[in-house]
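J.: Attaching a single structure in structure tokens format; questions to follow.
There are 2 protein chains.
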Amino acid sequence: MISHTEEDYLKALFRLVSGKQGKQEAGTNALADLLSLKPASVNNMLKKLRKKELIDYEKYGKISFTDKGRQIALLVVRKHRLWETFLVDKLGFSWDRVHDIAEQLEHIRSDELVEKLDWFLGHPEYDPHGDPIPRSDGSTPTTPSAVLSSMQKGDVCKVMMVKDTSAAFLQYLERLSIHVGTCVSVMDKVSFDNSLVIEVDGKHHTVSQKVADNLYVSYC
Amino acid sequence: MISHTEEDYLKALFRLVSGKQGKQEAGTNALADLLSLKPASVNNMLKKLRKKELIDYEKYGKISFTDKGRQIALLVVRKHRLWETFLVDKLGFSWDRVHDIAEQLEHIRSDELVEKLDWFLGHPEYDPHGDPIPRSDGSTPTTPSAVLSSMQKGDVCKVMMVKDTSAAFLQYLERLSIHVGTCVSVMDKVSFDNSLVIEVDGKHHTVSQKVADNLYVSYC
DNA sequence: AAGTATTGTTAGATATATCTAACTTTTATA
DNA sequence: TATAAAAGTTAGATATATCTAACAATACTT
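Have a look at this one:
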């Protein structure tokens, strides 16, 4: 049986080892930072997770998943993202309010619940933030790699997919000359509201996080 | 902040003090039985709940709620029953599978979630088992008193309300001559599947628990 | 390559929530 | 009413998950 706490560690590890840089390992301090805990606490838990064969790790070495551990982490992420989708699509929450609630809901234990929820939501592939929802078989929807909103200042990327396909949004993109295949450079990122200053075809535009959330991109 | 565990104790206390006999107090052993814990553990927790002013109780005395404690218990029950309603009405769970999942969901902390869920479900007054869902102001829908399925062998009661109003169910009741106001005597209760042998207008019928769940009755 | 900074580990303390075993009080009954 | 049964309490142990403070190993930097 995996405790809520253990699941939190596995999810955090997942965030670290699934980073854009393709790292397959992480360290004690990084985990502690992500979980807002002290390294000593993390170290304790690492021993426990290793004993349960959920992670590979040796003293002073780096941390990585076992297959079993990754499977559990993927399920937690799946549940988190399905619940976020539920909160936004069905209950009418705004996308910025759902995280804390989904953090709680992701620990509800019931395979049947997860599958029924998935069905109820229409088997969504991406959550309201544009993150891919891992499937029950452990696979992940092929993602063009990232959403524009996850890019950092200086990144250059290509638009691969538009999430919101409403007429209003597509018309807006048209005005900025953004299409699938368009190259976008991130000139600046405003930390206050996560809006981005981008360059497209030599012209600068400011786009909101909401807009950037709806644009899937890959590095180029 | 109230822990999940504390909520479990308050909910169990609620079940004891809101029993049909109208008791307003309960004992250590009764709580321990209900929670499948040892009396010593309960005693420990009682001290804590008293210190938090959630219950009234003195050494060797009986246990009862403070207003604050009752309010929390009611909220937990409200959440439990709303989630059960969600699981059955929206996700298509059968009524007998939802309890364990609702036991987990009832601890999710978010006032906004509860109110949005209530709205999403259409402000239901009764859960799939026919139990009244406490309202956010702490009031409880007036209940005809009980569902037929909660009656015991020898009880005599009057049908006050039909929960499932589908044509199929109403036609079924018609065949048994059961209407609102009909007097029903419970001749026997089959523990295997909780079906009831009832007498209506001098005739004996066997009704399933599902049927009995859908008939609200009051003692006569 | 030496010294320093970063990273990671250990030991021991704390808080929660449980248990067992022994004990005390209250209640029921002979 | 004396005694036995039931109900309730206490003390001390265990497990989980956290912390602080001190220590050890690795990595960076000059």
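Line by line, the protein sequences give chains A and B. When the letters of the first sequence are read in order and numbered with the working numbering, they come out as residues 823 to 1042. When the letters of the second sequence are read in order and numbered with the working numbering, they come out as residues 823 to 1042. Using N, Cα and C, we set each Cβ at its ideal position, and we do this for glycine too. Being a predicted model, the structure only gives us computed values, none of them experimental.
In its own chain, which residues sit with a C-beta less than 6 angstroms from the C-beta of A/C1005, not counting the 5 before and 5 after it?
T.: Looking up residue 1005 of chain A in the first sequence gives position 183. Cβ neighbours of A/C1005 beyond the five flanking positions: K980.
J.: At a Cβ cut of 9 angstroms, what residues of the region 918-932 of chain B count as close to chain A, listed as they run along the chain?
T.: So the close ones are R919, D922, I923, Q926, L927, H929, I930, R931 and S932.
J.: Between the region 971-980 of chain A and the region 1021-1040 of chain A, do three or more beta carbon pairs fall short of 8 angstroms?
T.: Enough Cβ pairs lie closer than 8 angstroms, so yes.
J.: Please report the straight-line C-alpha distance between B/T888 and B/E937, rounded to a whole angstrom.
T.: Position 66 of the second sequence holds residue 888 of chain B. Position 115 of the second sequence holds residue 937 of chain B. Taking the straight line from one Cα to the other gives about 24 angstroms.
J.: A/I1020 and A/V1012 - do their beta-carbons sit closer together than 8 angstroms?
T.: Reading the first sequence from its first residue, position 190 is the one you call residue 1012 of chain A. Reading the first sequence from its first residue, position 198 is the one you call residue 1020 of chain A. It is not a contact, given that the beta carbons lie outside the stated cut-off.
J.: Any contact between the region 867-881 of chain A and the region 908-916 of chain A? By contact I mean 3 or more CB pairs, one from each, below 8 angstroms.
T.: Not touching, per the Cβ criterion.
J.: Could you list which residues in chain A have their beta carbon closer than 9 angstroms to that of B/G891, in chain order?
T.: Against the second sequence, residue 891 of chain B aligns to sequence position 69. Those within 9 angstroms of B/G891 in chain A number zero; the least Cβ separation is about 23 angstroms.
J.: Return helix, strand or coil for B/F942, following the three-state DSSP convention.
T.: Walking along the second sequence from the start, residue 942 of chain B turns up at place 120. Helix at B/F942.
J.: In its own chain, which residues sit with a C-beta less than 7 angstroms from the C-beta of A/K842, not counting the 5 before and 5 after it?
T.: Against the first sequence, residue 842 of chain A aligns to sequence position 20. The predicted position of A/K842 is uncertain, since its pLDDT is 48 and thus under 50; a value taken from the coordinates is nonetheless stated next. So the list reads A968, once near-sequence residues are dropped.
J.: Can you check the region 829-895 of chain B for any alpha helix (DSSP H) of at least 4 residues that lies completely inside it and give the ranges in chain order?
T.: If we require 4 residues or more, the alpha helix (DSSP H) runs fully inside the region 829-895 of chain B come out as 850-857 and 861-873.
J.: In whole angstroms, what separates the C-alpha of B/A834 from that of B/G976?
T.: Within the second sequence, residue 834 of chain B is the residue found at index 12, counting from 1. Within the second sequence, residue 976 of chain B is the residue found at index 154, counting from 1. Rounded to the nearest angstrom, the two C-alpha atoms are 27 angstroms apart.
J.: So A/L904 contacts chain B; which residues on that side make the cut at Cβ distance below 9 angstroms?
T.: Taking the first sequence and counting its residues from 1, one reaches residue 904 of chain A at position 82. Neighbours of A/L904 on chain B: none; closest Cβ ~12 angstroms, over 9 angstroms.
J.: At a Cβ threshold of 8 angstroms, is B/K912 touching chain A?
T.: Counting from one through the second sequence, the residue named residue 912 of chain B turns up at place 90. Yes, because at least one Cβ of chain A sits closer than 8 angstroms to the Cβ of B/K912.
J.: Buried or exposed for B/F1014, please, with buried defined as at least 16 other CB atoms from any protein chain shown within 10 angstroms of its CB.
T.: What you label residue 1014 of chain B is simply residue 192 of the second sequence in a count that begins at 1. So B/F1014 counts as exposed.
J.: Closest by CA to A/I885, which one among A/D922, A/M867, A/L897 and A/K901?
T.: Within the first sequence, the letter at position 63 stands for residue 885 of chain A. Among A/D922, A/M867, A/L897 and A/K901, the Cα nearest to that of A/I885 belongs to A/M867.
J.: Three or more C-beta pairs closer than 8 angstroms, one from the region 950-962 of chain B and one from the region 903-910 of chain B: is that the case here?
T.: Counting Cβ pairs under 8 angstroms, three or more are found: they touch.
J.: Going by DSSP, name the residue or residues bridged to A/Y1041.
T.: Against the first sequence, residue 1041 of chain A aligns to sequence position 219. BP columns for A/Y1041 point to A/C979.
J.: Which of helix, strand or coil does DSSP assign to A/L970?
T.: Here residue 970 of chain A corresponds to residue number 148 of the first sequence, with the count starting at 1. Looking at A/L970 - three-state DSSP - the assignment turns out to be helix.
J.: Relative to the C-alpha of B/V839, which candidate in B/E828, B/L853, B/H826 and B/T827 has its C-alpha closest?
T.: Reading the second sequence from its first residue, position 17 is the one you call residue 839 of chain B. The option with the nearest alpha carbon to B/V839 is B/L853.
J.: If you check the beta carbons only, do A/L992 and A/V1022 fall under 8 angstroms apart?
T.: The sequence position of residue 992 of chain A within the first sequence is 170, counting from 1. The sequence position of residue 1022 of chain A within the first sequence is 200, counting from 1. Going by C-beta atoms, A/L992 is not nearer than 8 angstroms to A/V1022.
J.: Which class does A/T1028 belong to by DSSP, given the choice of helix, strand or coil?
T.: Here residue 1028 of chain A refers to the residue found at position 206 of the first sequence. Strand at A/T1028.
J.: With a 10 Å radius around its C-beta and 16 neighbouring C-beta atoms as the bar for buried, classify B/P954 as buried or exposed.
T.: On the second sequence, position 132 is the one that residue 954 of chain B refers to. Buried, since its Cβ has 16 or more Cβ neighbours within 10 Å.
J.: If you run the structure through DSSP and keep just helix, strand and coil, what is B/K1011?
T.: As a first step, residue 1011 of chain B is located in the second sequence; it is residue number 189 there, counting from the start. Three-state result, B/K1011: strand.
J.: Distance cutoff 8 angstroms, beta carbons only. Does B/L939 sit that close to anything in chain A?
T.: Here residue 939 of chain B refers to the residue found at position 117 when the second sequence is read from its first residue. Chain A contact via Cβ: present.
J.: Mark A/G891 as exposed unless 16 or more other C-beta atoms lie within 10 angstroms of its C-beta, in which case mark it buried.
T.: In the first sequence, counting from the first residue as 1, residue 891 of chain A sits at position 69. Buried, since its Cβ has 16 or more Cβ neighbours within 10 Å.
J.: For A/E925, does the three-state DSSP call read helix, strand or coil?
T.: Taking the first residue of the first sequence as position 1, residue 925 of chain A is located at position 103. Note: A/E925 maps to helix in three-state DSSP.
J.: Please report how far the alpha carbon of A/F942 lies from the alpha carbon of B/S958, in whole angstroms.
T.: Taking the first residue of the first sequence as 1, we reach residue 942 of chain A at position 120. Taking the first residue of the second sequence as 1, we reach residue 958 of chain B at position 136. Roughly 27 angstroms separates the two Cα atoms.
J.: Which of helix, strand or coil does DSSP assign to A/K904?
T.: Residue 904 of chain A sits at position 82 when you count from the first residue of the first sequence. The residue you asked about is not Lys; residue 904 of chain A is Leu in the sequence shown. Helix at A/L904.
J.: A/P954 bridges to which residues according to DSSP?
T.: The residue you call residue 954 of chain A lines up with position 132 of the first sequence. Answer is A/Y948, bridged to A/P954.
J.: With distances taken from CA atoms, which of A/Q1031, A/V864 and A/E906 is nearest A/T827?
T.: Here residue 827 of chain A corresponds to residue number 5 of the first sequence, with the count starting at 1. Considering only alpha carbons, the answer is A/V864.
J.: Between B/L995 and B/S825, what straight-line distance do the alpha-carbon atoms span, to the nearest angstrom?
T.: Sequence index remark: in the second sequence, residue 995 of chain B carries index 173 (1-based). Sequence index remark: in the second sequence, residue 825 of chain B carries index 3 (1-based). The alpha-carbon atoms of B/L995 and B/S825 are separated by roughly 45 angstroms.
J.: Indicate the three-state DSSP secondary structure (helix, strand or coil) for B/V920 in the structure shown.
T.: As a position in the second sequence, residue 920 of chain B is number 98, starting the count at 1. Reduced to three states, the DSSP call for B/V920 is coil.
J.: What does B/F1014 reach in chain A if we use C-beta pairs closer than 8 angstroms?
T.: On the second sequence, position 192 is the one that residue 1014 of chain B refers to. Per Cβ cutoff of 8 angstroms: no residues; B/F1014 is ~24 angstroms from chain A at best.
J.: What residue from A/Y1041, A/I1000 and A/V1039 has the CA that sits closest to A/H1027's CA?
T.: Indexing the first sequence from 1 puts residue 1027 of chain A at position 205. Per the Cα distances, A/I1000.
J.: Would a check of beta-carbon distances place A/L935 closer than 8 angstroms to chain B?
T.: Here the question's residue 935 of chain A lines up with position 113 in the first sequence. So, interface residue.
J.: In whole angstroms, give me the CA-to-CA distance for A/H902 and A/L939.
T.: The residue given as residue 902 of chain A occupies position 80 in the first sequence. The residue given as residue 939 of chain A occupies position 117 in the first sequence. Computed Cα separation, rounded: 12 angstroms.
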